[in-house]
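Student:
Chains as they are written, first to last, in this note's numbering: chain A, 159 to 326; chain B, 1458 to 1641.
As structure tokens, then:
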């Protein structure tokens, strides 16, 4: 089964109907799929903290939100995660492209990759790491868990999960 | 007129609407002047009032007024293209532009110098942008509500703060009563 479609099917099955995205090459297929679905309002944002603000508003307006972004965004959003999403106890699934892991061609991406899990752990954010495509079988449970506990939850998807970087 | 005087004047208009209020002294002032369950006070996260307001407006049909400041909009300038390109006709962004960072000691912002936030909003694609003087805020705001058209209001006013107590309400309580007001 197409992994992009499977991911978006799981989001839809869990009533996620508001998704904001900051683009990533690896997540391009998922973002396209999100854009295609009738039942999802897709609002691209310019920066990830802005996106989390949109998600907070959508949640209070009655829609289940999600954000799709790169792991570099963890560096951008720590304040927002702590003082908005966590402080007000809001659920937020974060589908994250985990750049800078095995098969990464761009050295600078490693500089945030080495901090990603440590920062998420410091913030007490439940974190799941998809390394093989079969790991995505847990996505449905992860989404249910997120909306059960009203917390931000990170789903890191690395290059191996996405099948590398094509010709690189 | 300073921000607290404007808030006092528009409080009767705000009372019947969903309001997302900017961090710091603006929220403290609104809370002290006319606390309502339909007010969402930001206790942290400078810059995101306009984003929260847009998300809320896109998710449900009631009118949403985000009360923001010039300093906070400058912090999250990327919000204006997002607002322009995702039109919610139940959304009003009210920027109280006093040309200063009020909550941190009235340091000047660039909006008080050469930068026009109304011109920036227009350049970003916002179609209904109204710059007004503080005294006219109530009339402009009521007209925007009645128009049912997405509106950015830049209200030019004097710098200064009223001395109000810090909000001690728990954030989860603020959110919970606000969500009930949204659903009511």
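The beta-carbon is built from N, C-alpha and C at its ideal position, and this holds for glycine as well.
What does residue 1675 of chain B reach in chain A if we use C-beta pairs closer than 9 Å?
Tutor: Lying outside 1458 to 1641, the shown extent of chain B, residue 1675 of chain B is not represented and no answer is given.
Student: With respect to the beta strand (DSSP E) encompassing residue 1467 of chain B, which residues constitute its N-terminal and C-terminal limits?
Tutor: For the purposes of this step, residue 1467 of chain B is identified with residue 10 of the second chain, where counting begins at 1. No beta strand (DSSP E) contains residue 1467 of chain B, which is instead part of the alpha helix (DSSP H) from 1460-1471.
Student: Kindly indicate the opening and closing residues of the alpha helix (DSSP H) around residue 1500 of chain B.
Tutor: Reading the second chain from its first residue, position 43 is the one you call residue 1500 of chain B. Where residue 1500 of chain B is concerned, there is no enclosing alpha helix (DSSP H), given that its DSSP letter is neither H nor E.
Student: For residue 166 of chain A, which of A:321, A:311, A:295, A:310 has the nearest alpha-carbon?
Tutor: On the first chain, position 8 is the one that residue 166 of chain A refers to. Measuring from the Cα of residue 166 of chain A, the nearest candidate turns out to be A:295.
Student: Quick check on residue 179 of chain A: buried or exposed, where buried means 16 or more other Cβ atoms within 10 Å of its Cβ?
Tutor: As a working note, residue 179 of chain A is residue 21 in the first chain. So residue 179 of chain A counts as buried.
Student: Who does residue 1521 of chain B pair with in a DSSP beta bridge?
Tutor: Against the second chain, residue 1521 of chain B aligns to sequence position 64. B:1475, B:1548.
Student: Give the residues of chain B in contact with residue 180 of chain A, contact being defined as C-beta atoms less than 9 Å apart.
Tutor: Translated into the one-based positions of the first chain, residue 180 of chain A becomes position 22. Result: empty, since nearest Cβ-Cβ is about 10 Å, beyond 9 Å.
Student: Is the separation between the beta-carbon of residue 1632 of chain B and that of residue 218 of chain A shorter than 8 Å?
Tutor: As a working mapping, residue 1632 of chain B is identified with position 175 in the second chain. As a working mapping, residue 218 of chain A is identified with position 60 in the first chain. The answer is yes: Cβ separation under 8 Å.
Student: Looking at residue 1606 of chain B: is its Cβ nearer than 8 Å to the Cβ of residue 1585 of chain B?
Tutor: What you label residue 1606 of chain B is simply residue 149 of the second chain in a count that begins at 1. What you label residue 1585 of chain B is simply residue 128 of the second chain in a count that begins at 1. Against a cut-off of 8 Å, the Cβ pair of residue 1585 of chain B and residue 1606 of chain B comes out as a contact.
Student: Does the distance from the C-beta atom of residue 1576 of chain B to that of residue 1554 of chain B stay below 8 Å?
Tutor: Walking along the second chain from the start, residue 1576 of chain B turns up at place 119. Walking along the second chain from the start, residue 1554 of chain B turns up at place 97. It is not a contact, given that the beta carbons lie outside the stated cut-off.
Student: With H, G and I counted as helix, E and B as strand and the rest as coil, what does DSSP make of residue 159 of chain A?
Tutor: The count along the first chain starts at 1 and reaches residue 159 of chain A at position 1. Residue state, collapsed to three classes: coil.
Student: Compute the Euclidean distance between the alpha carbons of residue 238 of chain A and residue 1506 of chain B, then round it to the nearest angstrom.
Tutor: Start at 1 with the first residue of the first chain, and residue 238 of chain A comes out as number 80. Start at 1 with the first residue of the second chain, and residue 1506 of chain B comes out as number 49. Taking the straight line joining both Cα atoms gives about 12 Å.
Student: Ignoring anything shorter than 3 residues, give me the beta strand (DSSP E) runs that lie fully in the region 247-321 of chain A, in order along the chain.
Tutor: 250-256, 285-288, 310-316
Student: Give the DSSP-derived three-state secondary structure of residue 326 of chain A in the structure shown.
Tutor: Within the first chain, residue 326 of chain A is the residue found at index 168, counting from 1. Caution is warranted here: a pLDDT of 48 is assigned to residue 326 of chain A, below 50, making its placement in the model unreliable, and no coordinate value can be reported.
Student: Per DSSP, what kind of secondary structure is residue 1614 of chain B in: helix, strand or coil?
Tutor: Stepping through the second chain from its first residue, residue 1614 of chain B is reached at position 157. Here residue 1614 of chain B sits in coil by DSSP.
Student: Kindly indicate the opening and closing residues of the alpha helix (DSSP H) around residue 1560 of chain B.
Tutor: Position 103 of the second chain holds residue 1560 of chain B. No alpha helix (DSSP H) holds residue 1560 of chain B; DSSP gives it neither H nor E.
Student: Which residues mark the beginning and the end of the alpha helix (DSSP H) in which residue 225 of chain A is found?
Tutor: In the first chain, the residue the question calls residue 225 of chain A occupies position 67. No alpha helix (DSSP H) contains residue 225 of chain A, which is instead part of the beta strand (DSSP E) from 222-228.
Student: Note down, in chain order, each residue of its chain lying with its Cβ closer than 8 Å to the Cβ of residue 269 of chain A, except the 5 sequence neighbours on either side.
Tutor: Start at 1 with the first residue of the first chain, and residue 269 of chain A comes out as number 111. Apart from the 5 residues on each side of it in sequence, residue 269 of chain A sits with its Cβ closer than 8 Å to the Cβ of 258 in its chain, given in chain order.
Student: In whole angstroms, what separates the C-alpha of residue 1624 of chain B from that of residue 244 of chain A?
Tutor: Mapped onto the second chain, residue 1624 of chain B falls at position 167. Mapped onto the first chain, residue 244 of chain A falls at position 86. Going by the C-alpha atoms only, they are around 18 Å apart.
Student: Measure the alpha-carbon distance for residue 228 of chain A versus residue 1596 of chain B and round it to whole angstroms.
Tutor: Numbered from its first residue, the first chain carries residue 228 of chain A at position 70. Numbered from its first residue, the second chain carries residue 1596 of chain B at position 139. Near 44 Å, if we compare the C-alpha coordinates of residue 1596 of chain B and residue 228 of chain A.
Student: Around the Cβ of residue 1528 of chain B, are there at least 16 other Cβ atoms within 10 angstroms (buried) or fewer (exposed)?
Tutor: Numbered from 1 along the second chain, position 71 holds the residue referred to as residue 1528 of chain B. Buried, because 16 or more other Cβ atoms sit within 10 Å of the Cβ of residue 1528 of chain B.
Student: Taking Cβ-Cβ distances shorter than 7 Å, what residues in chain B pair up with residue 242 of chain A?
Tutor: Working through the first chain from its first residue, we reach residue 242 of chain A at position 84. The answer, in chain order, is 1501, 1502, 1505.
Student: Applying the criterion that 16 or more other CB atoms from any shown protein chain within 10 Å of the CB defines a buried residue, is residue 1590 of chain B buried or exposed?
Tutor: As a working mapping, residue 1590 of chain B is identified with position 133 in the second chain. Looking at its Cβ environment, which holds fewer than 16 other Cβ atoms inside 10 Å, residue 1590 of chain B is exposed.
Student: Rounded to the nearest angstrom, what separates residue 224 of chain A and residue 1474 of chain B at their Cα positions?
Tutor: As a first step, residue 224 of chain A must be located in the first chain, where it is residue number 66. As a first step, residue 1474 of chain B must be located in the second chain, where it is residue number 17. Taking the straight line from one Cα to the other gives about 26 Å.
Student: Which value, in whole angstroms, describes the spacing of the CA atoms of residue 265 of chain A and residue 226 of chain A?
Tutor: On the first chain, position 107 is the one that residue 265 of chain A refers to. On the first chain, position 68 is the one that residue 226 of chain A refers to. Whole-angstrom Cα-Cα distance: 22 Å.
Student: Residues of chain B with CB closer than 8 Å to the CB of residue 247 of chain A, please, in chain order.
Tutor: By one-based count along the first chain, residue 247 of chain A stands at place 89. Correct list: 1628, 1629, 1632.
Student: Considering only their Cβ atoms, is the gap separating residue 1513 of chain B from residue 1551 of chain B smaller than 8 Å?
Tutor: Position 94 of the second chain, counting from 1, holds the residue named residue 1551 of chain B. Position 56 of the second chain, counting from 1, holds the residue named residue 1513 of chain B. Result no, Cβ atoms of residue 1551 of chain B and residue 1513 of chain B do not sit closer than 8 Å.
Student: Could you tell me whether any Cβ in chain A is nearer than 8 Å to the Cβ of residue 1536 of chain B?
Tutor: If you number the second chain from 1, residue 1536 of chain B lands on position 79. With 8 Å as the cut-off, residue 1536 of chain B counts as an interface residue toward chain A.
Student: Residues of chain E with CB closer than 9 Å to the CB of residue 1636 of chain B, please, in chain order.
Tutor: Absence of chain E from the displayed structure is noted, the protein chains being A and B.
Student: Could you tell me whether the Cβ atoms of residue 1582 of chain B and residue 1542 of chain B are closer together than 8 Å?
Tutor: As a first step, residue 1582 of chain B is located in the second chain; it is residue number 125 there, counting from the start. As a first step, residue 1542 of chain B is located in the second chain; it is residue number 85 there, counting from the start. For residue 1582 of chain B and residue 1542 of chain B, yes; Cβs fall inside 8 Å.
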